[in-house]
Amino acid sequence: MTAKGNRMNAPALRAALLDWYDAHARSLPWRAPPGAGKRTDPYFVWLSEVMLQQTTVPHATPYFLAFTRRWPTVSDLAAEEDAEVMAAWAGLGYYARARNLLACARAVAGRRGGVFPDTEEGLLRLPGVGAYTAAAVAAIAFDREANVVDGNVERVMARLFAVEPPLPDSKPELKRLAGSLATADRPGDWAQALMDLGATVCRPKAPLCDRCPISGACAAYARGDQETFPRKTKKAERPRRHGVAWLLTDGDRVALVRRPPKGLLGGMLGLPTSDWRAAPWTDAEALAAAPTVAAWRDAGEIEHVFTHFALTLRVFRAEGAMAAEWTPRAGLEALPSVFLKAAKAGLTRLV
DNA sequence: CACTCGTGGAG
DNA sequence: TCTCCAAGAGT
Numbered sequence: 033m034t035a036k037g038n039r040m041n042a043p044a045l046r047a048a049l050l051d052w053y054d055a056h057a058r059s060l061p062w063r064a065p066p067g068a069g070k071r072t073d074p075y076f077v078w079l080s081e082v083m084l085q086q087t088t089v090p091h092a093t094p095y096f097l098a099f100t101r102r103w104p105t106v107s108d109l110a111a112e113e114d115a116e117v118m119a120a121w122a123g124l125g126y127y128a129r130a131r132n133l134l135a136c137a138r139a140v141a142g143r144r145g146g147v148f149p150d151t152e153e154g155l156l157r158l159p160g161v162g163a164y165t166a167a168a169v170a171a172i173a174f175d176r177e178a179n180v181v182d183g184n185v186e187r188v189m190a191r192l193f194a195v196e197p198p199l200p201d202s203k204p205e206l207k208r209l210a211g212s213l214a215t216a217d218r219p220g221d222w223a224q225a226l227m228d229l230g231a232t233v234c235r236p237k238a239p240l241c242d243r244c245p246i247s248g249a250c251a252a253y254a255r256g257d258q259e260t261f262p263r264k265t266k267k268a269e270r271p272r273r274h275g276v277a278w279l280l281t282d283g284d285r286v287a288l289v290r291r292p293p294k295g296l297l298g299g300m301l302g303l304p305t306s307d308w309r310a311a312p313w314t315d316a317e318a319l320a321a322a323p324t325v326a327a328w329r330d331a332g333e334i335e336h337v338f339t340h341f342a343l344t345l346r347v348f349r350a351e352g353a354m355a356a357e358w359t360p361r362a363g364l365e366a367l368p369s370v371f372l373k374a375a376k377a378g379l380t381r382l383v
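One rule links them: number in the numbering used here = place in the first sequence (from 1) + 32.
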């Protein structure tokens, strides 16, 4: 047992982690250096938090840079056309976030004159801002005391206290434990310190306990089974669905359709598709369901994995005409990944 | 409250 | 190849 041992109390643990954060904080485009007293623009904090929901830092970073370059303030974003923002979000996934992002920006720019609420309760009323994001923005942008609990914090708490019940049922207990450590001292730095620790040291796999400033207080580390936390209930198997996508071209242009505002890929442009069902589509079924009569040619199939199902998508291509949003090939970057993948297959792999 | 909702990188 | 999973929210 080290000198700090397992007797490390809450104040000592807090001090150790904040000291670690002062020395090891990640440098991120939306973040001010720790302790400097600078506050980050609430717009940057909010935008980054929404982009980072269930999304990795490397994936979200180029989107954050593009959004803030193109729309430097929340009012700039609020004034933009829906289609432009959805196109800019394409590839980032969970497209309800983009719809709520615009709704939130317009609420802040309109009813609040471009000023974000500075309390957790006020933030929580905004579209797309839930318990985590409200707490994170309140703490990071406004330095308000808040219990900021994301997946990182849940993992740190599960190990620190060797919480046996599995996620997601243990969420309330993990949040309660996190709250037992939170104080009004440097709330923004504390929240980010916990998340940075989870992301870089207390990682899901192969945690770097020899670099952990609070390993002396960690119940799981003391037992030696830290990597087995947090316990998790097994996830249901992912079913497979089958569909058909039609790539209709007119020279350089591709026929795209705007998807309904809610549901999967809601509000995004896409290729015309069939239903996505359990049974594969035969050639005859696919051709009968085509959006227009044309000399459809088989372009093979693509595989794509969504959160709760896997998709096999047959792709057919033809030259022709139909009512659609005709888009130059260069504009295909506005498509969600599944359709970009299908379009590339159709344009390059005619069978 | 269980389910829906994307994507790409790591191991 | 396959599993896991990343700064969750809405319904």
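The C-beta atom is built at its ideal place from N, Cα and C for all residues, glycine as well.
As the structure is a prediction and not an experimental result, all values here were calculated from the model.
Check, Outcome
"Inter-residue Cα distance where the pair is Pro236 and Phe371", "31 angstroms"
"Contacting residues, own chain, Cβ-Cβ under 7 angstroms from Pro334 (five flanking each side not counted)", "Here residue 334 is Ile; the residue named in the question, Pro, does not match the sequence. Within the same chain, Ile334 has close Cβ partners Leu345, Val347, Lys373, Ala374 and Ala377."
"Whether Leu50 touches Arg309 by CB criterion (8 angstroms)", "no"
"Continuous alpha helix (DSSP H) stretch holding His340: start and end", "It is not in any alpha helix (DSSP H) - His340 carries neither H nor E in the DSSP assignment."
"Alpha-carbon to alpha-carbon, Phe96 and Pro360", "25 angstroms"
"8 angstroms CB neighbourhood of Trp358 in its chain, flanking five on each side removed", "Asp282, Arg285, Val286, Ala287 and Leu288"
"Cut-off 6 angstroms between Cβ atoms - residues of its own chain near Ile423, not counting five sequence neighbours on either side", "Residue 423 is absent from the structure shown; the chain starts at 33 and stops at 383."
"Length of the line joining the Cα atoms of Ala42 and Glu116", "48 angstroms"
"Cβ-Cβ distance between Cys241 and Val188 below 8 angstroms", "no"
"Residue range of the unbroken beta strand (DSSP E) whose run includes Leu279", "Arg272 to Asp282"
"Pro43: first and last residue of the uninterrupted alpha helix (DSSP H) it sits in", "Ala42 to His56"
"Sequence-distant residues of its chain with Cβ nearer than 7 angstroms to Asn132 (five each side left out)", "Pro159 and Gly160"
"Unbroken beta strand (DSSP E) run spanning Arg285, endpoints", "Arg285 to Arg290"
"Residues sharing a beta bridge with Lys264, DSSP", "Leu199"
"Whether Ala326 touches Gly352 by CB criterion (8 angstroms)", "yes"
"Rounded separation between Gln85 and Pro200 - CA only", "17 angstroms"
"Neighbour-count burial assignment, Asp221, 16 or more Cβ in a 10 Å radius", "buried"
"Trp62 versus Gly275 - alpha carbon distance", "40 angstroms"
"In chain order, each alpha helix (DSSP H) run of at least 4 residues that lies wholly inside the segment 289-358", "315-320"
"Residues bridged to Pro360 (per DSSP)", "Arg285"
"Three-way DSSP call (helix, strand, coil) for Tyr164 in this model", "helix"
"Between the CA atoms of Thr215 and Leu388 - distance to the nearest angstrom", "Residue 388 falls outside the range modelled here, since the chain spans only 33 to 383, and no answer is possible."
"Pair within 8 angstroms by beta-carbon distance, Arg58 and Thr339", "no"
"With 16 other Cβ atoms within 10 Å as the buried cut-off, status of Thr380", "exposed"
"Contact set for Leu209: own chain, Cβ-Cβ below 6 angstroms, skip 5 residues either direction", "Met189 and Phe193"
"Backbone secondary structure at Trp222 - three-state DSSP", "helix"
"Buried or exposed by the 16-neighbour rule on C-beta atoms within 10 Å, applied to Ser212", "exposed"
"Spatially closest choice to Ala110 from Thr93, Ala366, Val147 and Val169, by CA coordinates", "Val147"
"Helix, strand or coil at Gly37 [DSSP, three-state]", "Note that Gly37 has pLDDT 42, beneath the 50 cutoff, so the model's placement of it is unreliable and the number below is only indicative. Three-state result, Gly37: helix."
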